[in-house]
DNA sequence: TGGAAACTACGTAAAACTACTTAGGACCCT
DNA sequence: AGGGTCCTAAGTAGTTTTACGTAGTTTCCA
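Protein chains in written order, with our numbering: chain F, 49 to 259; chain X, 49 to 259.
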């Protein structure tokens with residue numbers, strides 16, 4: 049039986065070892081593993097595995113962009129995202145950018161093997177927990193994913209300034225607009241993002257890379 | 049040769065597998081592994097390994113407190129902290145609370161084995177990168193502002209709740225203390241951290257892994 | 001066992017932010 | 001030309017947070 053070839057990209061050696069251990073007893077062949085985005089691209093250039101297990105958070109490159117680039121250049125490689133983040137936001141992003149599967153890092157052997165086999169058959173595989181949070185979002189109308197809410201240019205600008213620790217007053221000075229305007233923008237942002245308070249805003253800013 | 053017994057506590061199965069894989073070829077016997085603090089305490093009650101590899105961030109318990117408790121109750125167990133956080137702040141905390149070693153999760157096999165052997169000989173073992181940042185801090189007098197400032201347990205707790213989007217009032221309810229007390233703590237935190245506003249606090253919370 | 005640190009709490013006043021509404025002018029797209 | 005969105009701004013009235021000071025009790029540990 050021809051083995052399924054696997055590539056691994058994760059910045060933690062321990063995790064790589066863990067994956068190797070999990071996959072060692074089955075019909076898989078790990079053809080490369082790397083701990084950074086650059087190395088991944090180099091490896092992919094040499095050899096394209098059937099399945100790529102891709103950590104979203106690597107030091108040198110953004111996993112989401114990486115995913116898009118890889119699925120564009122090597123459309124036959126099935127990408128399974130591997131991450132701690134179960135927010136639907138990331139899931140959607142990854143799927144839209146060509147990932148075929150989405151696993152969390154606390155996954156077990158059975159799940160991982162199942163995921164690999166599913167994507168090899170051309171199906172999509174999402175971690176159970178991730179599926180659940182997507183469902184919740186749809187059914188319960190939980191806050192729809194962050195990125196879908198579009199902030200205007202001005203709003204983004206103001207959110208960035210808020211996150212940069214400026215007060216409304218300081219922002220007004222800096223942008224040469226009135227305090228009231230800043231307040232209006234801020235309120236609009238809060239409503240759009242369904243933010244309870246300033247803390248939510250800061251977290252949002254993190255997610256949007258404004259910090 | 050009598051094997052060195054090892055206990056593992058980490059919330060990611062993949063990491064546990066990774067450690068098992070790394071240690072499998074040597075004279076080590078893994079006597080238990082668990083993915084939460086409660087399970088760890090139960091396991092420890094049954095059997096005390098020579099070395100405990102302890103993840104600082106587990107869902108149900110704070111690794112630093114856990115470390116203190118374990119080193120108090122089982123002084124013969126050598127604890128090696130295992131984490132992503134290389135900030136000197138954590139390192140000091142862990143060492144003060146009885147850890148004998150401090151490894152980062154991107155460690156390799158050689159390092160891990162070396163660390164285990166060192167602590168078994170009664171020595172302290174710090175990851176090279178961690179050592180470096182401690183050195184930098186001392187030698188270059190890196191900004192003490194952020195990491196060196198110690199928050200008390202209560203303050204840390206409150207900072208975490210702030211970062212979890214609770215208002216002062218909600219925090220008061222949750223901790224069964226008065227609003228005024230929360231305000232006092234909060235003010236103290238802000239002063240300690242030299243924080244201009246809530247945003248600084250949230251950022252601090254990020255740095256300290258409270259989010 | 002004595003002292004330091006931590007946790008608790010209140011008073012008062014000012015500053016900052018939130019909520020909801022309305023509205024004019026600018027700009028873009030069809 | 002009309003409709004939509006965006007940016008601007010203000011009114012009015014609240015709530016929440018900050019600032020600074022004081023101080024009693026508990027906990028820890030040297």
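Positions of the beta carbon are idealized from the N, C-alpha and C atoms, including for glycine.
**Report entry** Below-9 Å beta-carbon distance, residue 194/F vs any chain X residue
**Finding:** Residue placement at residue 194/F cannot be trusted, given a pLDDT of 38 that sits under 50; the coordinates are not used to answer.
**Report entry** Cβ of residue 62/X within 9 Å of any chain F Cβ
**Finding:** yes
Requested in this report: Could you name each continuous alpha helix (DSSP H) segment of 4 residues or more that falls completely within the region 95 to 130 of chain F, going from the start of the chain to the end?
Outcome: When DSSP assignments are scanned along the region 95 to 130 of chain F, the uninterrupted stretches of alpha helix (DSSP H) that are 4 or more residues long and fall wholly within it turn out to be 111 to 121.
Query raised in the report: Among 93/F, 112/F and 234/F, which one has its Cα closest to the Cα of residue 103/F?
Result: 112/F
Query raised in the report: Just to confirm, are residue 219/X and residue 249/X a CB contact at a threshold of 9 Å?
Result: Contact: no.
Requested in this report: Check each residue of the region 60 to 88 of chain F: if its Cβ is closer than 9 Å to any Cβ of chain X, include it; give the result in chain order.
Outcome: 60, 61, 62, 63, 64, 65, 66, 67, 68, 69, 70, 72 and 83
**Report entry** Residues of the region 150 to 169 of chain X with Cβ closer than 7 Å to any Cβ of chain F, in chain order
**Finding:** 153, 154, 155 and 156
Query - 6 Å Cβ shell around residue 166/X - same chain, five flanking residues per side excluded - result: 173
**Report entry** Contact between the region 51 to 62 of chain F and the region 152 to 165 of chain X (3+ Cβ pairs under 8 Å)
**Finding:** The region 51 to 62 of chain F makes contact with the region 152 to 165 of chain X, as at least three CB pairs between them are under 8 Å.
Query raised in the report: Between the region 111 to 127 of chain F and the region 75 to 83 of chain F, do at least 3 Cβ pairs fall closer than 8 Å?
Result: no
Query raised in the report: Can you tell which of 94/F, 114/F and 215/F has its C-alpha closest to the C-alpha of residue 141/F?
Result: 114/F
**Report entry** Minimum Cβ-Cβ distance from residue 122/X to chain F less than 9 Å
**Finding:** no
Query raised in the report: DSSP three-state call for residue 72/X: helix, strand or coil?
Result: coil
Query - Among 108/X, 109/X and 88/X, the one whose alpha carbon lies nearest that of residue 100/X - result: 88/X
Report task. Below 7 Å between beta carbons is the criterion; list the residues of the region 217 to 247 of chain F that meet it against any residue of chain X, in chain order. Result -> 244, 245, 246 and 247
Requested in this report: Say whether chain X places a C-beta atom closer than 9 Å to the C-beta of residue 99/F.
Outcome: Cβ-Cβ to chain X under 9 Å: no for residue 99/F.
Query raised in the report: Taking the DSSP output, what are the residues bridged to residue 57/X?
Result: 82/X and 102/X
Query raised in the report: According to the neighbour-count rule (16 or more other Cβ atoms, all chains shown, within 10 Å of its Cβ), is residue 200/F buried or exposed?
Result: Burial state of residue 200/F is exposed, judged by a 10 Å Cβ sphere holding fewer than 16 other Cβ atoms.
Query raised in the report: So who's on the other strand from residue 149/F, going by DSSP bridges?
Result: 128/F and 173/F
Report task. Assuming residue 213/X and residue 247/F form a contact by the criterion Cβ under 8 Å, report the distance between their Cβ atoms to the nearest whole angstrom. Result -> 5 Å
Query raised in the report: What are the start and end residues of the alpha helix (DSSP H) that includes residue 213/X?
Result: Segment: none, residue 213/X is in no alpha helix (DSSP H) and carries neither H nor E.
Query raised in the report: Exposed or buried, what is residue 66/X when buried is set at 16 or more other beta-carbons lying within 10 Å of its beta-carbon?
Result: buried
Query raised in the report: Taking DSSP as the reference, what is the three-state secondary structure of residue 4/X?
Result: Because chain X spans 49 through 259 in this model, residue 4/X falls outside it and cannot be assessed.
Requested in this report: Under 6 Å Cβ to Cβ from residue 126/X, same chain only, skipping five residues before and after it: list those, please.
Outcome: 99, 148 and 167
Query raised in the report: CB residue 71/X to CB residue 54/X, shorter than 9 Å?
Result: yes
Query raised in the report: Would residue 250/F count as contacting chain X if we go by Cβ distances under 9 Å?
Result: With 9 Å as the cut-off, residue 250/F counts as an interface residue toward chain X.
**Report entry** residue 107/F versus residue 233/X - alpha carbon distance
**Finding:** 35 Å
Report task. Anything in the region 196 to 212 of chain F with a Cβ closer than 9 Å to a Cβ of chain X? List those residues in chain order, please. Result -> 210, 211 and 212
Query raised in the report: Quick one: is residue 215/F near chain X, going by C-beta distance under 9 Å?
Result: yes
**Report entry** DSSP state of residue 259/F mapped onto helix, strand, coil
**Finding:** Reduced to three states, the DSSP call for residue 259/F is coil.
Query raised in the report: Beta carbon of residue 207/F, beta carbon of residue 237/F: below 9 Å?
Result: Yes.
Report task. Under 6 Å Cβ to Cβ from residue 80/F, same chain only, skipping five residues before and after it: list those, please. Result -> 55 and 91
Query raised in the report: Pick from 132/F, 143/F and 128/F: whose alpha carbon is nearest that of residue 162/F?
Result: 128/F
Query raised in the report: Skipping 5 residues on each side, what residues in its chain have a beta carbon closer than 8 Å to that of residue 202/F?
Result: 233
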